[in-house]
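Trainee: Next up is a structure, given as structure tokens.
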Amino acid sequence: MCGIFCSLSSDDDTQPAHVLKSCLTNLLSRGPDCSSSALFRLESGHVLELFASVLQTQGKDLCPQPYNVDGNILCWNGDVFGGPLEKEIVSQKQSDTAVVAKHLSECVLQGSSPVEVFSTITGPYSFIYYNRHNNTLWFGRDPVGRHSLLISFSANPLHFCVSSVAHSSVPNCIEVPTVGIFEIDLNTFCTPNGLYILLHSWCEMEEEQITDYCKDIPIPVIKKCTADFQYLFKPLTVSHMEPNELVLFPNLDLLQKASLVEKMNYISSLKEYHENTINLMLLIEHAVKVRVLTNVPLCKNCMTEKTLMVNSCSHSKIAVLFSGGLDSAILARLIDKYVPETESIDLLNVAFEKKRGTSNTVGNNKKRNCGKSTLESSELLFDSIYNVPDRQTGLKTLEELQSLCPRRRWNFVEINISQTELQQERSKSIVHLIFPLRTILDDSLGCALWFAARGKGKLYGSNLNYESPARIIISGMGADEQFGGYMRHRTILKNNGWEALHKQLQMEVERIPTRNLGRDDRVISHHGRQPRMPFLDESVISFVKALPPWEKCYPNKNFPCGVGDKLLLRLVAWHVGLKGAAILPKRAMQFGSRIANSKENAADVSDRL
1 MCGIFCSLSS DDDTQPAHVL KSCLTNLLSR GPDCSSSALF RLESGHVLEL FASVLQTQGK
61 DLCPQPYNVD GNILCWNGDV FGGPLEKEIV SQKQSDTAVV AKHLSECVLQ GSSPVEVFST
121 ITGPYSFIYY NRHNNTLWFG RDPVGRHSLL ISFSANPLHF CVSSVAHSSV PNCIEVPTVG
181 IFEIDLNTFC TPNGLYILLH SWCEMEEEQI TDYCKDIPIP VIKKCTADFQ YLFKPLTVSH
241 MEPNELVLFP NLDLLQKASL VEKMNYISSL KEYHENTINL MLLIEHAVKV RVLTNVPLCK
301 NCMTEKTLMV NSCSHSKIAV LFSGGLDSAI LARLIDKYVP ETESIDLLNV AFEKKRGTSN
361 TVGNNKKRNC GKSTLESSEL LFDSIYNVPD RQTGLKTLEE LQSLCPRRRW NFVEINISQT
421 ELQQERSKSI VHLIFPLRTI LDDSLGCALW FAARGKGKLY GSNLNYESPA RIIISGMGAD
481 EQFGGYMRHR TILKNNGWEA LHKQLQMEVE RIPTRNLGRD DRVISHHGRQ PRMPFLDESV
541 ISFVKALPPW EKCYPNKNFP CGVGDKLLLR LVAWHVGLKG AAILPKRAMQ FGSRIANSKE
601 NAADVSDRL
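All the letters of the sequence shown, read from the start, carry residue numbers 1 to 609 under the UniProt record's numbering.
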């Protein structure tokens, strides 16, 4: 994970220095291993400044940025997990930054477009690239939008800024759309008639579509060309015949009266569902494998100058955002396969203090605790305050993992956040990381992710203070949209049928790049950790997207919550032995951790930000 930044301004403008200074703390937090900058004075009299901070997760040696090859400068925040460049990175044990920069420079020398390089990369990324030979500036995000990139623009005087993360004081700041790669011709951009951005779109797009996607960019965006690229989110034209339930489930009459366990045993035995389960499990497992193994052999604490001679350590290098629910349980189970038995794995479980007046639990506990010692009463009261739904499911699933993986040391980190600490950190840091987003949902999810990713709490079972030293955080983001995990999916099927549900699921998958992955990246990366999301691996998305809706989920009256929603993913959990987690009902993080108020409208602007 890296913090990348670029500003273009007139020579006598003081605003760039102010913007970089305001963003600097957040940029440095993303890349604690090293940082540097590069300054270029253009023939137009303008100044181009690039800055990057680095968190090393690839390559034998640390690769400082901005990275220079033949005078061309790359600021890279990404992971190459697949494609032709991956083989070169793995075989030569190089940093992906160096390999990507080398191939970009080769494109420049051959007179071809840098888009040719990015269209071959599988994995999350955002980047800024200065082609000094042609005096062009390129920037963009991967087609899924997994890594953050923001832009800010002011006309008088001219100031254009691109950054991984900003500060709420930065004016006119928006997220870079994930529709393609953007190019600025610096020879003309600083002239009255040259103020526009060129777009190399991922797929064929009408002018109205480009205008809609780029409507928040305060500069005209002109399509230059379409990348030669198999776009992941291209709408499917395949229509599916409605399923015959009696053919799909021959013993449906018996199934209606069966328990959840009996239903899962029966469905998992059906040939079509079994084949899909195995295929999906293998894809998720490979996505987990590459995200776990693409890392350095030292934890954050041991990655210092004094210990660089040490080849490895046994501390946790991988952490999981862990509610104990279906998604995080599957990921933890598969991660265990690729982490050495001598290393621990951190399970980060966050809970927020209940707001006063929202429950009478505390009062009831006081009555129950009469006659107990002051110490015993305070401990019970503390436990009840933070005994939120995600804590309960987390501990249940921990028991399952301990049973399935008895040799593994699971560090279940109880992250308990008081209302006072929430308010302090929200105003101090989180508001600037969530920016430019400002809704109640952004607030609640952003805060929950920030505290969870900080990894600071108490170890379950020992009550010892603990802060995770992991450099990588694995997250289950993207599962609900793909596998029909929301209550609205059940409602749509009930009211409008399978074709309507198919269209809804397709729309939600196609909208993944425009959702809030950039926000989540900014929040998690603030702690010098790299977020990785196996369910948003390109191969997983492609496989799931091609399935008919009833092979992903079956949310009707015969398959209640805990079975029908995210059915295929539940079958994967069942297959790997997670019999309890497989039938847990879905619960959103903001409600499971008790940070959100269900009476608030998630889409409203938050007055707390």
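Glycine included, every Cβ here is placed at the ideal spot set by N, Cα and C.
Whose C-beta lies closer than 6 Å to the C-beta of Cys214 among residues of the same chain, with five residues either side of it excluded?
Mentor: Pro177 and Val221
Trainee: Among Val576, Lys552 and Pro560, whose alpha-carbon lies nearest the alpha-carbon of Lys566?
Mentor: Per the Cα distances, Lys552.
Trainee: Taking the C-alpha atoms as reference points, what is the distance between Ser378 and Glu414?
Mentor: Any answer about Ser378 is weak, because its pLDDT of 46 lies below 50 and its placement is not dependable; what the coordinates show is given next. Ser378 and Glu414: Cα-Cα distance of roughly 17 Å.
Trainee: Quick check: the segment 44 to 59 against the segment 194 to 208, are at least 3 beta-carbon pairs closer than 8 Å?
Mentor: no
Trainee: Going straight from the alpha carbon of Leu248 to that of Gly577, what length do you get?
Mentor: 24 Å
Trainee: Looking at C-beta atoms only, is the number of pairs between the segment 547 to 561 and the segment 480 to 498 that lie closer than 8 Å three or more?
Mentor: Contact holds between the segment 547 to 561 and the segment 480 to 498, because three or more Cβ pairs, one in each stretch, are under 8 Å apart.
Trainee: Is it true that the CB of Asn295 sits closer than 8 Å to the CB of Lys317?
Mentor: yes
Trainee: Which residues share a DSSP beta bridge with Asp185?
Mentor: Thr136
Trainee: Please classify Asp521 as buried or exposed, where buried requires at least 16 other C-beta atoms within 10 Å of its C-beta.
Mentor: Buried, because 16 or more other Cβ atoms sit within 10 Å of the Cβ of Asp521.
Trainee: Is Ile210 near Ile174, with beta carbons less than 8 Å apart?
Mentor: no
Trainee: Just to confirm before moving on: does the CB-CB distance between Asn68 and His147 stay below 8 Å?
Mentor: no
Trainee: Taking 8 Å as the limit between beta carbons, can you name the residues of its chain near Leu260, skipping five residues before and five after?
Mentor: Pro560, Gly562, Val563 and Ile583
Trainee: Would you mind stating whether Ala101 and Leu62 have Cβ atoms separated by less than 8 Å?
Mentor: no
Trainee: State yes or no: is the C-beta of Gln590 within less than 8 Å of the C-beta of Ile541?
Mentor: no
Trainee: Would you call Ile85 buried or exposed, if buried means 16 or more other Cβ atoms sit within 10 Å of its Cβ?
Mentor: Sequence inspection shows Leu at residue 85; the Ile mentioned does not correspond to that position. When all chains shown are included, Leu85 counts as buried.
Trainee: By how many angstroms is the C-alpha of Asp142 removed from the C-alpha of Gly325?
Mentor: Distance from the CA of Gly325 to the CA of Asp142, rounded to the nearest whole angstrom, comes to 28 Å.
Trainee: Check the DSSP bridge columns for Cys2 and list the partner residues they point to.
Mentor: Val54
Trainee: For Thr491, is the classification buried or exposed, using 16 other Cβ atoms within 10 angstroms of its Cβ as the cut-off for buried?
Mentor: exposed
Trainee: Would the segment 158 to 169 count as touching the segment 92 to 107 if we require 3 or more Cβ pairs under 8 Å?
Mentor: no
Trainee: Can you tell which of Phe322, Tyr466 and Leu50 has the C-alpha that lies nearest to the C-alpha of Thr397?
Mentor: Residue Phe322 is the option with its Cα nearest to Thr397.
Trainee: Have a look at Ile472 and Val292 and give me their C-alpha separation to the nearest angstrom.
Mentor: 8 Å
Trainee: Helix, strand or coil, according to DSSP, for Asn244 in the structure here?
Mentor: coil
Trainee: Indicate the three-state DSSP secondary structure (helix, strand or coil) for Asn416 in the structure shown.
Mentor: strand
Trainee: Within the same chain, show all residues whose beta-carbon is closer than 6 Å to that of Gly3, passing over the 5 residues directly before and after it, in chain order.
Mentor: Within the same chain, and ignoring the five residues on either side of Gly3 in sequence, the residues whose Cβ sits closer than 6 Å to its Cβ are Leu27, Arg30, Gly31, Ser53 and Ser164.
Trainee: Asn276: buried (16+ other C-beta within 10 angstroms of its C-beta) or exposed?
Mentor: buried
Trainee: I need the boundaries of the beta strand (DSSP E) containing His129, first residue and last residue.
Mentor: Correcting the residue type first, residue 129 is Tyr in the shown sequence and not His. Per DSSP, the unbroken beta strand (DSSP E) holding Tyr129 starts and ends at Tyr125 to Asn131.
Trainee: Helix, strand or coil for Ser10, going by three-state DSSP, please let me know.
Mentor: strand
Trainee: State the Cα-Cα distance for the pair Phe182 and Glu467, rounded to the nearest angstrom.
Mentor: Note on geometry: alpha-carbon atoms of Phe182 and Glu467 lie some 39 Å from one another.
Trainee: Specify, as a first and last residue, the run of the beta strand (DSSP E) that Gly346 falls within.
Mentor: Position check: residue 346 holds Asp in this sequence, whereas Gly was assumed. Segment Ser344 to Phe352, the beta strand (DSSP E) holding Asp346.
Trainee: Report the option in Leu137, Ser328 and Ser201 whose CA atom is closest to the CA atom of Glu49.
Mentor: Leu137
Trainee: Residues in its own chain within less than 7 Å of Glu116 by CB, not counting five upstream and five downstream?
Mentor: Cys107
Trainee: Tell me the rounded alpha-carbon separation between Asp604 and Cys161.
Mentor: 28 Å
Trainee: Are the CB atoms of Phe233 and Pro549 nearer to each other than 8 Å?
Mentor: no
Trainee: Just confirm the distance between the C-beta atoms of Ser418 and Glu499, as a whole number of angstroms; I'd bet it's less than 8 Å.
Mentor: Not a contact, Cβ separation roughly 49 Å.
Trainee: Within this structure, are the beta carbons of Leu283 and Phe543 separated by less than 8 Å?
Mentor: yes
Trainee: Would the segment 405 to 412 count as touching the segment 566 to 575 if we require 3 or more Cβ pairs under 8 Å?
Mentor: no
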